[in-house]
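Enquirer: As numbered in our numbering, residues -10 to 97 make up the sequence shown, in order.
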Amino acid sequence: SHQHIPFEMLVETLQPERSLAYNPLFQIMFSMQNNDMGSLEPGEDVADDDEITTRFDLEVHAVEEGDVVSLYLNYNLALFESQSIARLADNYEMLLAEVVASLKDKTQ
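#1: What does DSSP give as the partner residues of residue 22 in its beta bridges?
#2: Tell me which residues share the same chain as residue 20 and place their Cβ nearer than 8 Å to its Cβ, disregarding the 5 neighbours each side in the sequence.
#3: In angstroms with no decimal places, state the Cα-to-Cα distance between residue 96 and residue 84.
#4: Among all the DSSP beta bridges, which residues are the ones paired with residue 11?
#5: Identify which residue in 55, 59 and 43 has its Cα closest to the Cα of residue 66.
#6: Rounded to the nearest angstrom, what separates residue 3 and residue 13 at their Cα positions?
#7: Nearest to residue 60 by CA position, among 46, 92, 5 and 75, is which residue?
#8: Mind checking residue 24: buried by the 16 CB within 10 Å criterion, or exposed?
#9: Which of helix, strand or coil does DSSP assign to residue 59?
#10: Which residues mark the beginning and the end of the alpha helix (DSSP H) in which residue 72 is found?
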């Protein structure tokens, strides 16, 4: 309900303990892009690994294209190993599959 409030105003109002080591309010960001962005071919990367920067410890970006939702994860290489992120992605995929199956069961 407060999505219109600028992030800087939240930080100013809440005055959390500040550190240059992490974001003041949260370390994980989830974004959902569900408007037309053009199309990528399957397996096509948006950017090379060397070009990707992250403002948070972990960013999960969901992109909806038609009936398909793709997830892209950006993460702080100093905090996470690629195997840990791969395991997280696999677990998240299993969770989403269970949610979809549960919803299908309820609608039948």
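Backbone N, C-alpha and C define an ideal beta-carbon position, used for all residues, glycine too.
From a predicted model like this one, the values you see are computed outputs, not experimental measurements.
Expert: This is what the structure holds:
#1: 52
#2: 48, 49, 50 and 51
#3: 19 Å
#4: In DSSP, residue 11 forms no bridge with anything.
#5: 43
#6: 10 Å
#7: 75
#8: exposed
#9: strand
#10: 71 to 96
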